[in-house]
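Q: Counting with the numbering used here, you get residues -15 to 620 for the letters of the first sequence.
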Amino acid sequence: MVQVRLKDGSVREYPAGSTVLEVAKSISQGLAREALAGKVNGKVVDLNYPLQEDAALELLTFNDEEGCAVYRHSSAHVLAQAVKRLFPEAKLAIGPAIQDGYYYDFDVPQPFTPVQLEQIEEEMNKIIKEDIPFKRLEISRPEALGRFQNQEELYKVELINDLPEDAVISCYQQGDFEDLCAGPHVPSTGRLKSIKLMSIAGAYWRGNEKNKMLQRIYGTSFPKKALLDEHLFRIEEAKRRDHRKLGAELDLYSIQEEGPGFPFFHPKGMILRNELENFWRLEHKRRGYQEIRTPVILNRGLWEQSGHWDHYKENMYFTKIDEGDYAVKPMNCPGSILVYRAKMHSYRDLPLRWGELGLVHRHELSGALHGLMRVRCFTQDDAHIFLLPSQIKEEIIGVIDLFDYFYNTFGLQYHVELSTRPEKSMGSDEIWEMATNSLRDALEAKQVKFKINEGDGAFYGPKIDFHLTDSLGRTWQCGTIQLDFQMPEKFELTYVGEDGQKHRPVMIHRVVFGSIERFIGILTEHFAGAFPVWLAPIQVRVMPITDKHHEYANTVVKKMQELDIRVELDARNEKINYKIREAQTQKIPYMLVIGDREMEQGAVAVRQRGKGDIGAIQVEEFINTVQADIKNKTIF
RNA sequence: GCUGCUAUAGCUCAGUAGGUAGAGCGUAUCCUUGGUAAGGAUAAGGUCACCGGUUCAAAUCCGGUUAGCAGCUCCA
-15 MVQVRLKDGS VREYPAGSTV LEVAKSISQG LAREALAGKV NGKVVDLNYP
35 LQEDAALELL TFNDEEGCAV YRHSSAHVLA QAVKRLFPEA KLAIGPAIQD
85 GYYYDFDVPQ PFTPVQLEQI EEEMNKIIKE DIPFKRLEIS RPEALGRFQN
135 QEELYKVELI NDLPEDAVIS CYQQGDFEDL CAGPHVPSTG RLKSIKLMSI
185 AGAYWRGNEK NKMLQRIYGT SFPKKALLDE HLFRIEEAKR RDHRKLGAEL
235 DLYSIQEEGP GFPFFHPKGM ILRNELENFW RLEHKRRGYQ EIRTPVILNR
285 GLWEQSGHWD HYKENMYFTK IDEGDYAVKP MNCPGSILVY RAKMHSYRDL
335 PLRWGELGLV HRHELSGALH GLMRVRCFTQ DDAHIFLLPS QIKEEIIGVI
385 DLFDYFYNTF GLQYHVELST RPEKSMGSDE IWEMATNSLR DALEAKQVKF
435 KINEGDGAFY GPKIDFHLTD SLGRTWQCGT IQLDFQMPEK FELTYVGEDG
485 QKHRPVMIHR VVFGSIERFI GILTEHFAGA FPVWLAPIQV RVMPITDKHH
535 EYANTVVKKM QELDIRVELD ARNEKINYKI REAQTQKIPY MLVIGDREME
585 QGAVAVRQRG KGDIGAIQVE EFINTVQADI KNKTIF
């Protein structure tokens, strides 16, 4: 008998050799039906994996990230099998599960056509109907090499050769199809329900442009058709909300041929920006930050000292001034450090929290540019905090609180990831350990759940990343908190301690919005252009029914203008329906219709975005409502 | 940057076996004074992205450049 500890903490006994599926069945039929794979002592395995000794077991369904990945990965194998059936000459490369589905790369003489894509999808559905079992085979390296060489699957041979010495090499077979694969997989192809192939794209073998370009087929799959439909709907919805489209329609910004990747902000986009910045300044002031501003162009020596000249050159822009080499700043930290160095600091002054809305320029590949999300110049809502090592935990907690407050204000959910030391990095192990532990301690003290990203930290220190989830469930990395022991060292920063001696301060780099430009893009898509009143470029539009009502409408407008409400009068010679339609497409939160009735009673007829006509109220009462929306940052 | 695709009016798009362009929306003017998502008429507006080639003739065919889109790579 073996003892199996389940997710709920209970321990059950099973005969040795019982499979994961058998355990699932013993718990409930429903679970057995839903289970896609198991997780034994933290390792994801097939459902028919036999339990030979005591273990902790978790059953994975589509709702678990890992279960979902197994499902998609099995889908990719079905895709490959379908392609091999229809195009036997196709060579297999790799086919992993990804965020919203899976892909498989093939080496074929001709790119796939959309018609062929449909045929492949049909074939996949056939394979699913055939309900072919997935069989796991563990084989030796020579056997694996032999097998795939025979099949002339040279990409697979290359993969096998690159596997580490001690790797267990496994193969999965489903009927006549066989693929090199670590697994695990669902028990049989029939477990897959709704599959769909999404697109075809070129992709280089191993992502390297020097290698051959392969044909990549993207697909997705779900255990229920309703889930697939929902996914497809989300894609359509994302197109409708695309900030590039809405940015033009709402006249927020433009990008012109004269400046690829350098956005132009129009008056309405500037209102958004300024509101975000006002909010940012106020909240930072409240939390003990001061604001600084450092130059955009600084000399070569500085960038050599900071390490950017060596590590970041390809992304930087350069210029010459009076024979001297200068660079346009790609980051704000060196500037902030120079401000710190401008005078002596006592331990009594720390922590020093210096915010900077700094415009940075980075050379991004032309193919990477994307609306406001990926640009060549952007404003980081940066801050550098100089502190004593003993203040780290408390200070990080303060930053986490600030981030939480910001994201909640926009109705954005988030999750947190802690990134640890990467291979290429500076500094001693002790320092890294201590820095990483401080970040972890702060997260734990705040009881924030987090995921660990091994080896994904910055070269100068570990970091905490905040990933926002927007209204469509997409995630965006925005905020980041980075702990840095290297820059203070390189620039020989000091403070005078209690003992009268010089000591090295620690630095925290952090951004909340990340980039104001990108954040505007995210907000545009999150709200589908229907910004909350406090951000809306036009908050109220007043629409008189005929020109008899213009005078009264004007007094209403004036009243609001005096209170800094962003109000517009639509005095055009158009029917009320027409004016409403336009205000609606412009996503203006409040429309005020003014006719005889309102004029007589000193009232306005209010139409609220998303709700429609909500009736007439007195002007003063309406003004109070709007002001409350602005003050409370109400979202509707 | 690489691969593929695209570029016609402010916007969305049609068009031509190669013979110098068209719609809807928007804009302007006039008529209409209309109560919760498009009232009517008239007009203006384009070196068909840019440079070069083929041709009697190029917006149309070919090459290059630039920009955009999708993917790869990378990231705030």
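C-beta atoms are modelled at their ideal positions from N, C-alpha and C, and glycine is treated no differently.
Since the structure is predicted, the reported quantities are computational estimates derived from the model, not experimental observations.
(1) State the DSSP-derived secondary structure class of phenylalanine 370, mapped to helix, strand or coil.
(2) Which value, in whole angstroms, describes the spacing of the CA atoms of arginine 326 and glycine 382?
(3) Roughly how many angstroms lie between the CA atoms of arginine 125 and aspartate 48, to the nearest whole one?
(4) What does the alpha-carbon distance come out to for the pair leucine 35 and valine -14?
(5) Select from Phe249, Val62, Pro95 the residue whose C-alpha is nearest the C-alpha of aspartate 163.
(6) Valine 7 to glutamate 50, Cα distance in whole Å?
(7) Quick check on the DSSP output: the beta strand (DSSP E) that includes aspartate 483 runs from which residue to which?
(8) What residue ranges within the segment 128 to 156 form continuous alpha helix (DSSP H) runs of no fewer than 4 residues, ordered along the chain?
(9) What whole-angstrom Cβ distance do threonine 464 and phenylalanine 450 have, given they're in contact under 8 Å?
(10) Taking 7 Å as the limit between beta carbons, can you name the residues of its chain near valine 517, skipping five residues before and five after?
(11) Check cysteine 317 in the structure and name its three-state DSSP category.
(12) Hey, is the segment 497 to 504 in contact with the segment 432 to 442, meaning 3+ C-beta pairs nearer than 8 Å?
(13) Please confirm whether valine 344 and proline 314 have their CB atoms less than 8 Å apart.
(14) Taking 8 Å as the cut-off, does the segment 578 to 585 touch the segment 536 to 552 (at least 3 CB pairs, one atom from each stretch)?
(15) So, with DSSP's three-state summary, where would you put threonine 569?
(16) For threonine 624, which three-state DSSP category applies?
(17) Please report the residue range of the alpha helix (DSSP H) in which proline 406 lies.
(18) Residues bridged to histidine 345 by DSSP?
(19) Determine the closest residue to aspartate 84 out of Ser10, Arg218, Tyr33, with distance taken between C-alpha atoms.
(20) Whose CA, out of Ala74, Val28, Leu70, Asp38, lies closest to the CA of histidine 57?
(21) If distances are taken between C-alpha atoms only, which option among Arg225, Arg488, Val603, Arg405 comes closest to lysine 447?
(22) If you follow the beta strand (DSSP E) that alanine 222 is part of, which residue opens it and which one closes it?
(23) So for threonine 204, helix, strand or coil by DSSP?
(24) Grouping DSSP H, G and I as helix and E and B as strand, with all else coil, what is serine 635?
(25) Quick one: using the 10 Å Cβ neighbour count with 16 as the cut-off for buried, is glycine 484 buried or exposed?
(26) Express the C-alpha separation of valine 588 and phenylalanine 606 in angstroms, rounding to a whole number.
(27) What are the complete alpha helix (DSSP H) segments, minimum 4 residues, inside the segment 492 to 550?
(28) Can you name the start and end residues of the alpha helix (DSSP H) that phenylalanine 246 belongs to?
(29) For isoleucine 492, does the count of other Cβ atoms within 10 angstroms reach 16, so buried, or fall short, so exposed?
(30) On a Cα-Cα basis, can you pick out the residue from Ile104, Pro98, Gly79 that is closest to proline 72?
(31) Within 10 angstroms of its Cβ, does glycine 272 collect 16 or more other Cβ (buried), or is it exposed?
(32) I'd like the list of long-range same chain contacts for lysine 208, defined as Cβ closer than 7 Å, with 5 residues on each side in sequence excluded.
(33) Tell me the rounded alpha-carbon separation between phenylalanine 132 and lysine 75.
(34) Report the start-end ranges of each beta strand (DSSP E) in the segment 427 to 453 that is 3 residues or longer and not cut off at the edges.
(35) For the alpha helix (DSSP H) that contains threonine 393, what are its first and last residues?
(36) What number of angstroms, rounded off, separates the C-alpha of glutamine 708 from the C-alpha of lysine 196?
A: On the basis of the supplied data:
(1) strand
(2) The sequence shown places alanine at residue 326, rather than the arginine named in the question. In a straight line, the C-alpha of alanine 326 is about 26 Å away from that of glycine 382.
(3) 32 Å
(4) 7 Å
(5) Val62
(6) 19 Å
(7) Looking at the DSSP string, aspartate 483 is not in any beta strand (DSSP E), and its letter there is neither H nor E.
(8) 138 to 146
(9) 7 Å
(10) Gln523, Pro573, Val610, Asp613, Ile614, Thr618
(11) helix
(12) no
(13) yes
(14) yes
(15) helix
(16) The structure shown does not extend to residue 624, since the chain is modelled only from -15 to 620, so the question has no answer here.
(17) Unbroken run through proline 406: none, as it is neither H nor E.
(18) Cys361
(19) Arg218
(20) Val28
(21) Arg405
(22) Taken as a continuous stretch (DSSP letters only), alanine 222 belongs to no beta strand (DSSP E), being part of the alpha helix (DSSP H) at 209 to 225.
(23) strand
(24) No answer is possible for residue 635: the residues shown for the chain start at -15 and end at 620.
(25) exposed
(26) 8 Å
(27) 500 to 510, 534 to 546
(28) Premise fails: phenylalanine 246 is in no alpha helix (DSSP H) and is neither H nor E.
(29) buried
(30) Ile104
(31) exposed
(32) Lys177, Ser178
(33) 11 Å
(34) 434 to 437, 447 to 453
(35) 376 to 393
(36) For residue 708 there is no data in the structure shown, the boundaries of the chain being -15 and 620.
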